[in-house]
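Residue numbers (the working numbering), protein chains in the order written: chain E, 168 to 666; chain U, 168 to 666. The beta carbon of each residue, even a glycine, is placed where N, CA and C say it ideally should be.
2 protein chains.
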Amino acid sequence: MQAYDDFLSRVQDIHRYSSLQGHLGWDQEVLMPSGGGESRGEILAWLAGKRHEHLTAPELGVLLTELESQELDADQGANVREMRRAYDQAVKLPKEFVESFAKVRSEALVAWQEARAASDFSMFKDTLESLIGMTRTKINYLGISSTPYDVLLDEYEVGMTVADYDPLFAGLKERLVPLLQSITEAQKNMEEPILPETLRFPTSGQERFCEEISIRMGFDFSAGRMDASTHPFSAGLWPGDTRFTTRFDEQDPFSCLYAVMHETGHALYEQGLEHSHRYTPRGAAVSLGVHESQSRFWENQVGRTAAFWDVALPLFYNEFPDAPEWDSNTMNQIANRVEKGFIRVEADEVTYNLHVMIRYEIEKQLFNGELTVEELPNAWNTMFSEWFGIEVPEDRLGCLQDIHWSMGAFGYFPTYTLGNLYAAQLLDAMKDALGDIDSIISSGDWGPMLDWLRPRIHERGSQVTPSQLIEDATGKAPTPEPFLDYVEKKYRTLYGLND
Amino acid sequence: MQAYDDFLSRVQDIHRYSSLQGHLGWDQEVLMPSGGGESRGEILAWLAGKRHEHLTAPELGVLLTELESQELDADQGANVREMRRAYDQAVKLPKEFVESFAKVRSEALVAWQEARAASDFSMFKDTLESLIGMTRTKINYLGISSTPYDVLLDEYEVGMTVADYDPLFAGLKERLVPLLQSITEAQKNMEEPILPETLRFPTSGQERFCEEISIRMGFDFSAGRMDASTHPFSAGLWPGDTRFTTRFDEQDPFSCLYAVMHETGHALYEQGLEHSHRYTPRGAAVSLGVHESQSRFWENQVGRTAAFWDVALPLFYNEFPDAPEWDSNTMNQIANRVEKGFIRVEADEVTYNLHVMIRYEIEKQLFNGELTVEELPNAWNTMFSEWFGIEVPEDRLGCLQDIHWSMGAFGYFPTYTLGNLYAAQLLDAMKDALGDIDSIISSGDWGPMLDWLRPRIHERGSQVTPSQLIEDATGKAPTPEPFLDYVEKKYRTLYGLND
Chain E
168 MQAYDDFLSR
178 VQDIHRYSSL
188 QGHLGWDQEV
198 LMPSGGGESR
208 GEILAWLAGK
218 RHEHLTAPEL
228 GVLLTELESQ
238 ELDADQGANV
248 REMRRAYDQA
258 VKLPKEFVES
268 FAKVRSEALV
278 AWQEARAASD
288 FSMFKDTLES
298 LIGMTRTKIN
308 YLGISSTPYD
318 VLLDEYEVGM
328 TVADYDPLFA
338 GLKERLVPLL
348 QSITEAQKNM
358 EEPILPETLR
368 FPTSGQERFC
378 EEISIRMGFD
388 FSAGRMDAST
398 HPFSAGLWPG
408 DTRFTTRFDE
418 QDPFSCLYAV
428 MHETGHALYE
438 QGLEHSHRYT
448 PRGAAVSLGV
458 HESQSRFWEN
468 QVGRTAAFWD
478 VALPLFYNEF
488 PDAPEWDSNT
498 MNQIANRVEK
508 GFIRVEADEV
518 TYNLHVMIRY
528 EIEKQLFNGE
538 LTVEELPNAW
548 NTMFSEWFGI
558 EVPEDRLGCL
568 QDIHWSMGAF
578 GYFPTYTLGN
588 LYAAQLLDAM
598 KDALGDIDSI
608 ISSGDWGPML
618 DWLRPRIHER
628 GSQVTPSQLI
638 EDATGKAPTP
648 EPFLDYVEKK
658 YRTLYGLND
Chain U
168 MQAYDDFLSR
178 VQDIHRYSSL
188 QGHLGWDQEV
198 LMPSGGGESR
208 GEILAWLAGK
218 RHEHLTAPEL
228 GVLLTELESQ
238 ELDADQGANV
248 REMRRAYDQA
258 VKLPKEFVES
268 FAKVRSEALV
278 AWQEARAASD
288 FSMFKDTLES
298 LIGMTRTKIN
308 YLGISSTPYD
318 VLLDEYEVGM
328 TVADYDPLFA
338 GLKERLVPLL
348 QSITEAQKNM
358 EEPILPETLR
368 FPTSGQERFC
378 EEISIRMGFD
388 FSAGRMDAST
398 HPFSAGLWPG
408 DTRFTTRFDE
418 QDPFSCLYAV
428 MHETGHALYE
438 QGLEHSHRYT
448 PRGAAVSLGV
458 HESQSRFWEN
468 QVGRTAAFWD
478 VALPLFYNEF
488 PDAPEWDSNT
498 MNQIANRVEK
508 GFIRVEADEV
518 TYNLHVMIRY
528 EIEKQLFNGE
538 LTVEELPNAW
548 NTMFSEWFGI
558 EVPEDRLGCL
568 QDIHWSMGAF
578 GYFPTYTLGN
588 LYAAQLLDAM
598 KDALGDIDSI
608 ISSGDWGPML
618 DWLRPRIHER
628 GSQVTPSQLI
638 EDATGKAPTP
648 EPFLDYVEKK
658 YRTLYGLND
């Protein structure tokens, strides 16, 4: 079919520009010398402009209209559906705006890094204000159907709005806050195992240990890499070349381990996409929420269990023969310790979603309400103190901790919570299909879990919408119940709480 | 001027595609997992096609014609001159040909690596045949004015032909072969210092030592990187981001050191280009020959002297305290030992150009004469045995040693010899301006040498032709005399030969 072939070739070109952006973004985080910052910002803006130019080509619009009236197979239909959405959005944005937004984002990364290092919000304030200003402009270009923040939420998980998230978060809060209170009570009367402060775990040992875990999860190192960066992330750069990063803290091997399990979860999704559909939506991950379900599944449902430590402990002692003799349960307790900490990425599964909710509330107020950038740190600290009962001592541990805003990614955080919910729902369905998951984990052969995820999540790419994908995989529409049941059961057991 | 601005914007786009190719090429050599090979070949071909599309745009042709009749300043004139040449060549090549040639080259790299590892030319033969076939097709597209090989030579150093190289190489051979004979004679009656075979120089120490040397040469690590790769190379990827690579051999710290000095020489050229002329010929290196003059100047004229070792020895012993107590002269003798070896990149300054000539003769016969790919290894080995008096034991040490052919780079090698000649001529001119160079080197402050090169070579980019650039810098048209005088004087002294 000539029209579809023409369409496909245009779609692939658009995605090639995205992949080039992705590769240079990866390089910027992992390798680039500081002197390259200015020209990197320039070339990223140029690529964003080129991508936009191709995405908004009138010929693409004509082809879309033509194809929408034709008989297409499921894969073709998915590509037309997804490109229609992208096209309709993109044509509302002027190319100059797309370019200058990309440039400002690239520069903002540097400003944020410096402000965070100095733990001084005032150093980031002006940049954040321009980012928010440009985002407001973007919202206006795109057109507001309900609230301004909804426009942003929809960008990161299609179809999700404040009307969906507000009750969802309220429901989570309703059960997580009492759970947290019970745990805090219980902690007063127990001594939890922790890592002795004087112990050191050399980086090279952590690297080998974590690589072994990643391989066991199914990551193919002949088609990918693991590197170090300040902020662990994963990037499915090219077909056959998926990369993720971690970080090393010689006092805390758990930090690296769970970063690796998390990022490998993302990376397995990327490695599992269909290469035959490369450079098209059909061959790409369907959403951030589903992506996060893959990382959280491996990090938490697999990695934060005693069964995991049955397998991991011998590998751990291979690298750290001088570490104290811990058993699987002790390791698991250390790995799941609930703590009212300041940092989201270090949070346990009980408090994690509360961290997300703070960002969601702040963003909602910034875009829908009255909150100004000036007031942001104070609003953050007040909310944190109310919810967690502890005072944020400095911006580094508060509103400066996350990279997202510097990337202009407003509306992104709630997808983390969706990922947690999807992961728990997938675990339930996997259990129905494969039987006891702990037994599979402790057997050390984790292939059956990956094999279950591959055809149900990874290989389907963007064939259907995120919620349809979860429903197809689990037999139920997405719901928070499995997560709440899972987290309550897990932590009640860990902390010996009564039902 | 509107026409020039339009032209400039098009020129910059063309160069942005080249830079993207360069970045992905760097990544392919340094980081890419093997599984990424196929898609890397595909995207490199796509970029080559895009670049070609922009370079051959009829609008560019119209602008060139318009600008050629206008008053332009020197920088603008240089850009128009260089782009005219590139445009006139490119329009002769179909886009499909450019894309498929790029793809074949990327695949050939893998075939060559495997053949070289197995030391088996037959594994590379078919690939080489297609590369040569495609190169012949390219020559036909471009059109032959003199000999087919001239078309290739001109690509790597504008204006150079067989009629220039044949007498040049004959002249070099005439004086280098007797010099080599005298040295070989002298070697029979002396014991040359060598590295004890049992000594080991840990990689981490080599890395620190070489980084210090590179910094001292003037390399700005805040605007660049040093990495490891099988084949050391340098790449001026982006304004403010120049990268080079080296390799490590724990038995031989000289291999890493001189690779670093060589590649830093290239990298200093890239770092010295004018950022204000980024993405234009005016802001780019003028030729491979001039590029090589920069690498060879630092590697040989600076690095392979006793004066250099006066400075380097204390740094060396910082990292390798257990090495025997050598003095500067001994180190210099080890670094300059003349050896009839098989490997070009390890060759001393006397035999180096003979290595280049073998490749030149082979290529000339392949494209102008009767030599077939089938006969290549035999022709190589016969010629090597005649010129060096030693038998090539395996292809790895013979015709498979260099990466160039796998990159489709035929006609490239002679620029290495040009680099050697230019470097010696620059040394003479620098001596006239700065006085005794050995004193500058042994002072440890090498800034005056870089400061001399910056405005005369680096900052001028492609303002004038390569030979004009050398003439402007040295007061003389390029000639082999300074090199021959330099190499004869240096090695006669080292080996105690009479004049």
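Selected residue, minimal CA-CA separation from Met199(U), among Gly407(E), Leu366(E), Phe368(E) and Met357(E): Taking only the C-alpha atoms, the option nearest Met199(U) is Gly407(E).
query: Comparing alpha-carbon positions, which option in Ala474(E), Leu191(E), Val325(E) and Trp554(E) lies nearest Glu506(E)?
result: In terms of CA proximity to Glu506(E), Trp554(E) leads the group Ala474(E), Leu191(E), Val325(E) and Trp554(E).
query: DSSP on Phe291(U), reduced to helix/strand/coil?
result: It is helical.
query: Going along the chain, which residues of the segment 186-209 of chain E sit with their C-beta nearer than 8 Å to a C-beta in chain U?
result: Cβ contacts with chain U come from Ser186, Leu187, His190, Leu191, Asp194, Leu198, Met199, Pro200, Ser201, Gly202, Gly203, Gly204, Glu205, Ser206 and Arg207.
message: Which residue marks the beginning of the beta strand (DSSP E) containing Ser401(U), and which one marks its end?
response: It spans Ser401 to Trp405 - the beta strand (DSSP E) in which Ser401(U) sits, taken as one unbroken run.
query: Any C-beta of chain U sitting closer than 8 Å to the C-beta of Ser289(E)?
result: Taking Cβ atoms only, chain U never reaches closer than 8 Å to Ser289(E), which makes this a no.
task: Would you identify the three-state DSSP class for Arg414(E), choosing helix, strand or coil?
output: Three-state result, Arg414(E): coil.
- request: Give the straight-line distance between the Cα atoms of Gly578(E) and His219(U), rounded to the nearest whole angstrom.
  value: The alpha-carbon atoms of Gly578(E) and His219(U) are separated by roughly 40 Å.
- request: Please confirm whether Gln468(E) and Ala284(E) have their CB atoms less than 8 Å apart.
  value: Contact flag unset, no.
- prompt: With contact counted as at least three CB pairs below 8 Å, one residue from each stretch, are the segment 176-189 of chain U and the segment 371-384 of chain U in contact?
  reply: Contact between the segment 176-189 of chain U and the segment 371-384 of chain U is absent: fewer than three C-beta pairs spanning the two stretches fall below 8 Å.
query: My guess is that Val523(E) and Thr584(E) are in contact by the Cβ rule of under 8 Å, so how many angstroms apart are they, rounded?
result: Between Thr584(E) and Val523(E) the Cβ distance is about 5 Å, and since that is below 8 Å, they are a contact.
query: CA-CA distance, Val295(E) and Ser289(E)?
result: The sequence given here places Leu at residue 295(E); Val does not occur at that position. Roughly 10 Å separates the two Cα atoms.
- prompt: If you run the structure through DSSP and keep just helix, strand and coil, what is Met574(U)?
  reply: In the structure shown, Met574(U) sits in a helix (DSSP, three-state: H, G or I).
- request: For Gly391(E), name the three-state secondary structure that DSSP assigns.
  value: Strand.
query: For chain U, is any of its Cβ atoms less than 8 Å away from the one on Pro132(E)?
result: Because chain E in this structure spans residues 168 to 666, residue 132(E) falls outside the shown range and cannot be described.
query: Among the residues of its own chain, which have a CB less than 8 Å from the CB of Ala600(E), if the five just before and after it don't count?
result: So the qualifying residues of the chain are Trp619.
message: Can you pull out the residues from the segment 385-404 of chain E whose beta carbon lies closer than 9 Å to at least one beta carbon of chain U?
response: Result list: Asp387, Phe388, Ser389, Ala390, Gly391, Arg392, Asp394 and Leu404.
field: Within 8 Å, strictly: CB atoms of Tyr653(U) and Leu594(U)
entry: Contact: yes.
task: Rank Gln438(U), Glu374(U), Met168(U) and Leu661(U) by C-alpha distance to the C-alpha of Ile624(U) and give the top, closest one.
output: Residue Gln438(U) is the option with its Cα nearest to Ile624(U).
message: Quick check on the DSSP output: what are the complete alpha helix (DSSP H) runs of length 4 or more inside the segment 482-542 of chain E, in order along the chain?
response: Whole alpha helix (DSSP H) segments, 4+ residues: 495-502 and 519-535.
message: Using only the alpha-carbon positions, how far apart do Leu276(E) and Glu196(E) sit?
response: Leu276(E) and Glu196(E): Cα-Cα distance of roughly 10 Å.
task: Within the segment 214-258 of chain U, note down every full alpha helix (DSSP H) run reaching 4 residues or more, in order along the chain.
output: DSSP runs (the alpha helix (DSSP H)) wholly in the segment 214-258 of chain U: 225-235 and 241-257.
field: Presumed contact (8 Å Cβ cut-off) between Leu320(E) and Met327(E), rounded CB distance
entry: Contact holds; Cβ gap of about 5 Å.
- prompt: Taking the alpha-carbon positions, what's the Leu588(U) to Pro645(U) distance?
  reply: Counting only the Cα atoms, Pro645(U) lies some 8 Å from Leu588(U).
query: Which whole-angstrom value is the C-beta distance of Val325(E) and Thr582(E), which I expect to be below 8 Å?
result: Contact between Val325(E) and Thr582(E) fails: their C-beta atoms lie close to 11 Å from each other, not under 8 Å.
- request: Starting from the beta carbon of Arg177(E), find every residue of chain U whose beta carbon is closer than 8 Å, and list them in chain order.
  value: Chain U residues near Arg177(E): none, gap ~13 Å exceeds 8 Å.
query: What residues of chain E sit near Trp213(U), judged by a beta carbon separation below 7 Å?
result: Those are Arg183, listed as they occur along chain E.
Terminal residues of the alpha helix (DSSP H) in which Lys657(U) lies: First-last of the alpha helix (DSSP H) with Lys657(U): Glu648 to Leu661.
query: Once you ignore the five residues that flank Thr447(E) on each side, which residues in its own chain have a CB closer than 6 Å to its CB?
result: Counting only residues of its own chain and dropping the five nearest sequence neighbours on each side, Thr447(E) has a CB closer than 6 Å to the CB of Val178 and Asn246.
message: Let me see if you follow: with CB-CB separation under 8 Å, is Asp515(U) close to chain E or not?
response: Chain E has no Cβ within less than 8 Å of the Cβ of Asp515(U).
- prompt: Less than 8 Å separating the beta-carbons of Asn411(E) and His433(E)?
  reply: The sequence given here has Phe at residue 411(E), not Asn. Phe411(E) places its beta carbon less than 8 Å from that of His433(E).
task: Compute the beta-carbon to beta-carbon distance between Trp405(E) and Gly203(U), rounded to the nearest angstrom, for a pair I have assumed lies under 8 Å.
output: In this structure Trp405(E) is in contact with Gly203(U), their Cβ atoms being roughly 6 Å apart against a cut-off of 8 Å.
message: Using beta carbons (cut-off 8 Å, strictly below), is Asp173(U) in contact with chain E?
response: No, because no Cβ of chain E sits closer than 8 Å to the Cβ of Asp173(U).
field: Neighbouring residues, chain U, relative to Pro406(E) (Cβ below 7 Å)
entry: Going along chain U in sequence order, the residues near Pro406(E) (Cβ under 7 Å) are Ser206.
In chain order, each alpha helix (DSSP H) run of at least 4 residues that lies wholly inside the segment 548-618 of chain U: With a minimum length of 4 residues, the unbroken runs of alpha helix (DSSP H) contained wholly in the segment 548-618 of chain U fall at 581-601 and 604-610.
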